[in-house]
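Some notes on the structure that comes next.
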Amino acid sequence: MRTDIVELVRLEDYRPSDFLIDRVELDVRLHPTATRVTATLSLRPNPAGRSDVPLVLDGDELNLKTVALDERVLEAGEFEASPQSLVISQPPQQPFRLTIETEINPTANTKLMGLYRSGGNYCTQCEAEGFRRITYFLDRPDVLAVYTTRIEAEREEAPVLLGNGNLVESGAIEGTGRHYAVWHDPFPKPSYLFALVGGRLGRVAKPFTTMTGRQVEIAVYVEPGKEHRADYALDALGRSMIWDEKVFGREYDLDVFNIVAVSDFNMGAMENKGLNIFNDKYVLASPETATDTDYANIEAIIAHEYFHNWSGNRVTCRDWFQLCLKEGLTVFRDQEFSSDERSRPVHRIAEVKTLRARQFLEDSSPLAHPVRPTQYREINNFYTATVYEKGAEIVRMLKTVIGDEDFRRGMDLYFERCDGTAATVEDFLKAFADVTGRDLSHFSRWYAQSGTPRVSVHGHYDETAKTYRLDFKQQTPPTPGQPTKEPMVIPVALGLVSQNGQPMDADCERVNARGVFILDKAEDSITFTGVSSRPVPSVFRGFSAPVKVSLDLSSEELLVLLRHDTDSFNRWQAAQTVAMRTLVSLSTSVAVRDEEMNSLASAFRSFMDTDALSDPAFAALVLTLPSEADIAQEIGKDVDPDAIHRARKEMRRHIGRACFEHLMDFYRSLAETEAYSPDAASAGRRALRNAALDLLTAADQEAGEKLASEQFETASNMTDRLASLGVLMTIPGMVRENAIASFEQRYRNEPLVLDKWFTLQAAIPEDTTLDRVKRLMEHPAFSINNPNRVRSLIGSFAMLNQVQFNRKDGAGYALLASIVLRADELNPQLASRLLTAFSTWTMMESTRRSHARRALQSIAQKPNLSRDVGDIVNRSLEESAAS
Ligand SMILES: [Zn+2]
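Sequential numbering of the sequence shown, starting at -10, is according to my numbering.
Here is the structure:
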């Protein structure tokens, strides 16, 4: 813990390391409380660095035992060591070897960074700055070394020993009960990609043949007895490897690829070279314990971490400001994979929903920052939706702007040119500039300018000239540190639809053959000729840019798009826009005419009559109204979450009643008759059926409760059981409480399932929930040390329960503040993630705003805050002083 104000790290201050490390030999003797690490580093002065400067190695809570230079043990006075650094004031000016012995305590490591224990097993997490908690090092991503790791442990305690790269040697240590394994990774890598695992683990494995015929063994390690729950992850890994060969020409490069699932993990998963370490939530799945969403997430995250082998590992980042270079690109790659494996339009809608819920929210909050930040105090706080999700949108726009073929050529050039190096965003863009001959400097503003651009679109039809003009205006609101903004390069995929729903062939020279117009000025207009009647414009098809769009279309015109547009994304968007208009009016006491509600309901009815069953997953998305958080964001200021909650409830009831027969038909006809399969089509049917149940219950609580109870009792899989329990949660009374108790009884030995149980209860929008959450914190299955438990109970309360977290009496904010302070003493990363739930506070009405400010100030005033929490709380408060 540090109490002082930590200095800003600035992109403009980057300079190459003064020393390089070519080889690292590690000898790690595992022990629960006293693990000995001997690191032998082959160092040399960096020709690109400064000469005659001290060697300063990073550390974090380290305990130095000895240090030797070229085999000679150094004496006190020849070096300076603290838990935070090791300084050799006069290092040699030619290559030398430094041997450092440290002792660390993995059991006491509750931060889950560096080497720690989870469920009795040893594991590591080094990104971003965890390696310095294992040994003193030049812990920065532009220092690439070849690692050889010897791991030694009691065979009884840790029969499995894994490291990066390939296994080169293993054996017993005579007469000791100990054994060892030596792993060698031939690919130079930064320290954040280092990993080791030691423990008692079960394994599933299979052979994989790469595109050039190389044999690779791929394996997933899990808690013994849960091997069968790793089959889906192993299958997803094989499919990811084939896809990356086919779509990006990327082949795997080691003899083995290992994935290890651990139950205590700060993030989703980590792409360590050849040895990915996963939060077990993203590995373990069975029909009885995992939902369709869990299966889809496992597939996506397995793919994501695997794809990092090229976008992140073979080509890594020069410094942490370039984080989006690996993350944005790899999110884009995993999204494309999921779209190819599942339904592309359905997946695109899901991506955009996440982007809006998390990234647009961040962009409009005091925590807004560019995709490539220019400064940070704590890099762990920049693993954000902006870096990941908006970073992926930039790559997608680049592809839209230059076209599929040039995009692939540019990617090939980037991988070829930057292989084995630590690259920058400039290196990435230069590959595409070079293959296309385009100047991408204006486009690159997406990496530098924060905030969500707003684009307004107005259409003008000229009946006599048969022309149609679209006027575009773009503007980006101010964000912290960026009061004025420049116009962006915005690809607008668009088309025209006739009032009776036919696609219209009209000419416009500004729209390219792929149907894309590039908006790169603050204002611009394009004109279509040969337009025989007034069209309905369908703009930003497929959500072609991460912007907020305002469109002067009537509800009738939007509903034409819902029924007829060839672009599925815009069909969904049209329904959302119509619903949102009404929801905003209802939430802000604007009178709503019955016809307004009825027009959407009748559009839903005709949608259900005609084509809902042709793509049930898509239909489920259409029938789901914008969330309370979406509505709050749309309103943007002086938000009253209670009014929003009432409005959404009223509209769901209205639609449920108006569509009751149809919904009941769907509910009955989509009932599962075959054994559970997690495939996208089956998942889509379950999604639509459960969306119908939700609306039915909104219309008729008694009927809904009966159906949901029945489904809860008889469900053959977790998706249906959990969906029905979710519906029961909305109805206070004994039926609900009994269901909660029976679920707990049934799954009391399944931590990942109990997480879902915590989440549902934390999200109940009733006044008694606050006490329920406090009570659940005393539940034997809850632990403040386990990130999954904390996120499922506390994170869900703060992020999903709009009305109770934002209680008018401030008790929700006070609860979160007290838990953040408690968590901060154990695990600062976890605490600072929870704290970001406050990012909506500036948009609340004044009473809630002052309660939130007080809660944030109570955190800020606490002495000994971690750097993680101190940074978030100060940024959250700074903006309010400015505005
Ligand atoms: Zn990643």
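All residues carry an ideal CB built from backbone N, CA and C; glycine is no exception. Values in this document were obtained by computation on a predicted structure and should not be read as measured data.
If you count every other CB in all the chains shown that lies within 10 Å of the CB of Q114, and 16 or more means buried, which is it? As a first step, residue 114 must be located in the sequence shown, where it is residue number 125. So Q114 counts as buried.
With DSSP run on the structure shown, which of helix, strand or coil describes I123? Taking the sequence shown and counting its residues from 1, one reaches residue 123 at position 134. Three-state DSSP puts I123 in coil, outside helix and strand.
With 16 as the cutoff for other CB atoms within 10 Å, does I231 come out buried or exposed? Here the question's residue 231 lines up with position 242 in the sequence shown. Label assigned to I231: exposed.
Buried versus exposed, by CB contacts within 10 Å (16 or more), Q750: Working through the sequence shown from its first residue, we reach residue 750 at position 761. That one is buried.
On a Cα-Cα basis, can you pick out the residue from V549, Y372, V579, E663 that is closest to A592? Looking up residue 592 in the sequence shown gives position 603. Comparing C-alpha distances from A592 to each of V549, Y372, V579, E663 shows the shortest one belongs to V549.
Could you have a look at T758 and say whether DSSP puts it in helix, strand or coil? Working through the sequence shown from its first residue, we reach residue 758 at position 769. Here T758 sits in helix by DSSP.
Check whether the Cβ atoms of A908 and A208 lie closer than 8 Å to each other. Any property of residue 908 remains undetermined from this structure, which presents the chain solely from -10 to 872.
Mind checking whether R121 and L30 have CB atoms under 8 Å apart? Within the sequence shown, residue 121 is the residue found at index 132, counting from 1. Within the sequence shown, residue 30 is the residue found at index 41, counting from 1. Inclusion of R121 and L30 in the CB contact set at 8 Å is not warranted, their separation being larger than that value.
Applying the 10 Å Cβ sphere with the 16-neighbour rule, what's the burial state of V360? Along the sequence shown, one-based indexing puts residue 360 at 371. Within a 10 Å sphere around the beta-carbon of V360 sit 16 or more other beta-carbons, which makes this residue buried.
Short check: CB of Y284 to CB of Y241, under 8 Å? Translated into positions along the sequence shown, residue 284 becomes position 295. Translated into positions along the sequence shown, residue 241 becomes position 252. Cβ distance not < 8 Å, so Y284 and Y241 don't count as in contact.
Going by C-alpha to C-alpha distance, which of R106, F176, G187, I123 sits closest to E145? Position 156 of the sequence shown, counted from the first residue, corresponds to residue 145. Closest option to E145, Cα to Cα, is G187.
If we call anything under 8 Å between Cβ atoms a contact, is H431 one with D509? In the sequence shown, counting from the first residue as 1, residue 431 sits at position 442. In the sequence shown, counting from the first residue as 1, residue 509 sits at position 520. Yes.
Between the C-alpha atoms of L879 and A590, what's the straight-line distance to the nearest angstrom? Not covered by the structure: residue 879. The range shown for the chain is -10 to 872.
My output table needs one value for E90: the three-state DSSP class, helix, strand or coil. What you label residue 90 is simply residue 101 of the sequence shown in a count that begins at 1. Strand at E90.
Judging by CA-CA distance, which residue of I633, G263, D619 is the nearest neighbour of V341? Reading the sequence shown from its first residue, position 352 is the one you call residue 341. The candidate whose alpha carbon is nearest that of V341 is D619.
So what does DSSP say about N268, is it helix, strand or coil? Taking the sequence shown and counting its residues from 1, the one referred to as residue 268 is at position 279. If DSSP states are grouped into helix, strand and coil, N268 belongs with the strands.
On the CB-based measure, 16 or more other CB atoms within 10 Å of its CB, does E64 come out buried or exposed? Locating residue 64 in the sequence shown gives position 75, counting from the first residue. By the 10 Å Cβ count, E64 comes out exposed.
Give a yes or no on whether the C-beta atoms belonging to Y125 and K178 are separated by under 8 Å. Within the sequence shown, the letter at position 136 stands for residue 125. Within the sequence shown, the letter at position 189 stands for residue 178. Not closer than 8 Å, so no.
Give the straight-line distance between the Cα atoms of R674 and S588, rounded to the nearest whole angstrom. Locating residue 674 in the sequence shown gives position 685, counting from the first residue. Locating residue 588 in the sequence shown gives position 599, counting from the first residue. The alpha-carbon atoms of R674 and S588 are separated by roughly 26 Å.
According to DSSP, residues forming a beta bridge with Q364: As a first step, residue 364 must be located in the sequence shown, where it is residue number 375. Q364 pairs with R(-1).
Could you spell out the range, first to last residue, of the alpha helix (DSSP H) harbouring Y169? In the sequence shown, residue 169 corresponds to position 180, counting from 1. Element bounds for Y169: not the alpha helix (DSSP H) but the beta strand (DSSP E), 167 to 178.
Work out the CA separation of A826 and V862 for me, nearest whole Å. As a working note, residue 862 is residue 873 in the sequence shown. As a working note, residue 826 is residue 837 in the sequence shown. Roughly 11 Å separates the two Cα atoms.
CB contact flag (G399, K262, <8 Å): As a working note, residue 399 is residue 410 in the sequence shown. As a working note, residue 262 is residue 273 in the sequence shown. Remark: C-beta atoms of G399 and K262 do not approach each other more closely than 8 Å.
Give me the Cβ distance between L717 and S698, rounded to the nearest whole Å; I'm assuming they're in contact under 8 Å. As a position in the sequence shown, residue 717 is number 728, starting the count at 1. As a position in the sequence shown, residue 698 is number 709, starting the count at 1. Contact flag correct, Cβ pair sits at about 7 Å.
Is the beta carbon of E340 within less than 7 Å of some heavy atom of ligand 1? What you label residue 340 is simply residue 351 of the sequence shown in a count that begins at 1. False, no ligand heavy atom lies under 7 Å from that Cβ.
When the distance is taken between beta carbons, is S74 closer than 8 Å to L46? Within the sequence shown, numbered from 1, the residue matching residue 46 stands at position 57. Within the sequence shown, numbered from 1, the residue matching residue 74 stands at position 85. Result yes, Cβ atoms of L46 and S74 sit closer than 8 Å.
On the three-state DSSP scale, how would you describe R735? Along the sequence shown, one-based indexing puts residue 735 at 746. Reduced to three states, the DSSP call for R735 is helix.
Taking the alpha-carbon positions, what's the T571 to N370 distance? One-based indexing of the sequence shown puts residue 571 at position 582. One-based indexing of the sequence shown puts residue 370 at position 381. Each residue's alpha carbon lies about 37 Å from the other.
Cβ shell of R25 (< 7 Å), same chain only, five flanking positions each side left out: Along the sequence shown, one-based indexing puts residue 25 at 36. When the five nearest sequence neighbours on each side are left out, the beta carbons in the same chain lying within less than 7 Å of the beta carbon of R25 are those of R18, E90, E92, in order along the chain.
Taking P630 and Q791 to be in contact with their CB atoms under 8 Å, please state how far apart those CB atoms are, rounded to whole angstroms. Position 641 of the sequence shown, counted from the start, is the residue given in the question as residue 630. Position 802 of the sequence shown, counted from the start, is the residue given in the question as residue 791. Beta-carbon to beta-carbon, P630 and Q791 are separated by about 5 Å, close enough to satisfy the 8 Å threshold.
Buried/exposed call for A901, threshold 16 Cβ in 10 Å: For residue 901 there is no data in the structure shown, the boundaries of the chain being -10 and 872.
Exposure label - P476; buried when at least 16 CB within 10 Å: Translated into positions along the sequence shown, residue 476 becomes position 487. Buried, since its Cβ has 16 or more Cβ neighbours within 10 Å.
Give the straight-line distance between the Cα atoms of T742 and T758, rounded to the nearest whole angstrom. Taking the first residue of the sequence shown as 1, we reach residue 742 at position 753. Taking the first residue of the sequence shown as 1, we reach residue 758 at position 769. Correcting the residue type first, residue 742 is Val in the shown sequence and not Thr. The straight-line gap separating the alpha-carbon atoms of V742 and T758 is approximately 20 Å.
Look at S807 and D857 and say whether their C-beta atoms are less than 8 Å apart. For this step, residue 807 is matched to residue 818 along the sequence shown. For this step, residue 857 is matched to residue 868 along the sequence shown. Cβ distance not < 8 Å, so S807 and D857 don't count as in contact.
Per-residue DSSP class, three states only, for L151: Within the sequence shown, residue 151 is the residue found at index 162, counting from 1. Shown here, L151 sits in a strand according to DSSP, grouped into three states.
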